[in-house]
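Novice: First, the structure itself, so that you have it in front of you.
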Amino acid sequence: MKHIFALFFLVLFSSQIEAQNVRVYDEYSTLEKEILSDKNTIYVVNFWATWCAPCVKELPHFEKLNSENKSVKVVLISLDFKNQYETKLLPFLKKKNIQSEVVLLTDKDYNTWLPIVDKEWSGSIPATLIIKNGKKVFAERIFSSDQELNEFVTKNIN
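Our numbering numbers the first residue of the sequence shown as 108 and each following residue consecutively.
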């Protein structure tokens with residue numbers, strides 16, 4: 108009976124447990140080293156936040172890319188507030204059933220890390236970065252459809 112209860116509990120709360128695996132980074136440089144440094148991986152990185160309506164609107168396009176294009180690794184970098192990690196970010200990810208890798212970046216030293224992502228980035232979101240073989244392609248824009256995102260990714264990884 109104990110094992111049945113444990114199994115029931117695990118299944119019931121598995122999505123919450125999964126969502127709690129969101130890693131928090133206080134410095135972009137550490138995130139870059141730990142998450143975006145494999146030279147054999149093509150990364151599609153989306154900078155977003157739960158409070159950004161255009162970001163939330165385009166998330167399904169990144170989710171679809173993540174599930175359908177196994178040649179890239181989608182990483183969603185949340186710029187939400189650290190004090191809302193448990194109250195807003197994790198519940199949002201669970202509610203939306205986000206399957207892509209999500210990390211929370213709380214680095215407020217924007218003048219240091221924004222130019223590392225792209226020298227022209229104003230800091231507005233959503234923004235997308237493709238990294239392939241150490242080369243970067245950056246887009247400070249909203250993707251309105253799966254097709255639009257797929258075309259951008261395909262053009263820049265081939």
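A virtual CB, placed ideally from N, CA and C, is assigned to each residue, including glycine.
Within 10 angstroms of the Cβ of SER178, are there 16 or more other Cβ atoms? Answer buried if so, exposed if not.
Specialist: In the sequence shown, the residue the question calls residue 178 occupies position 71. By the 10 Å Cβ count, SER178 comes out exposed.
Novice: What three-state label does DSSP hand VAL118 in the structure shown?
Specialist: By one-based count along the sequence shown, residue 118 stands at place 11. In this prediction, VAL118 scores a pLDDT of 40, lower than 50, which makes its location untrustworthy; no coordinate-derived value is stated.
Novice: Quick one: which unbroken beta strand (DSSP E) runs of 3-plus residues sit fully inside the stretch 188–243? Chain order, please.
Specialist: The stretch 188–243 contains these whole beta strand (DSSP E) runs: 208–212 and 234–239.
Novice: Using 8 Å for Cβ pairs, my map puts ASP216 next to TYR132. What's the rounded Cβ distance?
Specialist: By one-based count along the sequence shown, residue 216 stands at place 109. By one-based count along the sequence shown, residue 132 stands at place 25. About 12 Å separates the two Cβ atoms, so there is no contact after all.
Novice: Are there any heavy atoms of the ligand MN lying less than 7 Å away from the beta-carbon of PHE199, as far as the coordinates show?
Specialist: The model on display carries no ligand, and the ligand MN is accordingly not part of it.
Novice: Quick check: the stretch 144–152 against the stretch 224–241, are at least 3 beta-carbon pairs closer than 8 Å?
Specialist: Enough Cβ pairs lie closer than 8 Å, so yes.
Novice: Would you identify the three-state DSSP class for ASN153, choosing helix, strand or coil?
Specialist: Here residue 153 corresponds to residue number 46 of the sequence shown, with the count starting at 1. Strand at ASN153.
Novice: If you run the structure through DSSP and keep just helix, strand and coil, what is LYS146?
Specialist: Counted from its first residue, the sequence shown places residue 146 at position 39. Coil at LYS146, not helix or strand.
Novice: Might you give, ordered along the chain, the residues of its own chain that have their beta carbon closer than 6 Å to the beta carbon of VAL244, omitting 5 neighbours on each side?
Specialist: Counting from 1 along the sequence shown, the entry for residue 244 is found at position 137. Counting only Cβ-Cβ distances below 6 Å, and skipping sequence neighbours, we find ILE237 and ASN263.
Novice: Might you give, ordered along the chain, the residues of its own chain that have their beta carbon closer than 7 Å to the beta carbon of ILE232, omitting 5 neighbours on each side?
Specialist: Sequence index remark: in the sequence shown, residue 232 carries index 125 (1-based). The residues are PHE154, TRP155, ALA156, CYS159, CYS162 and LEU186.
Novice: Starting from LYS164, trace the alpha helix (DSSP H) both ways and give me its first and last residue.
Specialist: Residue numbering aside, residue 164 sits at position 57 when the sequence shown is read from its first letter. From DSSP, the alpha helix (DSSP H) with LYS164 extends over 160–175.
Novice: Check whether the stretch 169–177 touches the stretch 129–144, taking contact to mean three or more Cβ pairs, one atom from each stretch, closer than 8 Å.
Specialist: Verdict: no, contact absent.
Novice: With 16 as the cutoff for other CB atoms within 10 Å, does ILE184 come out buried or exposed?
Specialist: As a working mapping, residue 184 is identified with position 77 in the sequence shown. ILE184 comes out buried.
Novice: Measuring CB to CB, does VAL210 end up less than 8 Å from VAL129?
Specialist: Taking the first residue of the sequence shown as 1, we reach residue 210 at position 103. Taking the first residue of the sequence shown as 1, we reach residue 129 at position 22. Going by C-beta atoms, VAL210 is nearer than 8 Å to VAL129.
Novice: Flag this pair as yes or no: are the beta carbons of LEU212 and LEU138 separated by less than 8 Å?
Specialist: Numbered from 1 along the sequence shown, position 105 holds the residue referred to as residue 212. Numbered from 1 along the sequence shown, position 31 holds the residue referred to as residue 138. Contact flag set, yes.
Novice: With a Cβ-Cβ cutoff of 8 Å, do GLU255 and TRP228 count as a contact?
Specialist: As a first step, residue 255 must be located in the sequence shown, where it is residue number 148. As a first step, residue 228 must be located in the sequence shown, where it is residue number 121. No. Outside cutoff.
Novice: Quick check on this structure: which residue in PRO222, GLU134 and GLN206 has the alpha carbon closest to the alpha carbon of VAL182?
Specialist: One-based indexing of the sequence shown puts residue 182 at position 75. Checking every option, the nearest Cα to that of VAL182 belongs to GLN206.
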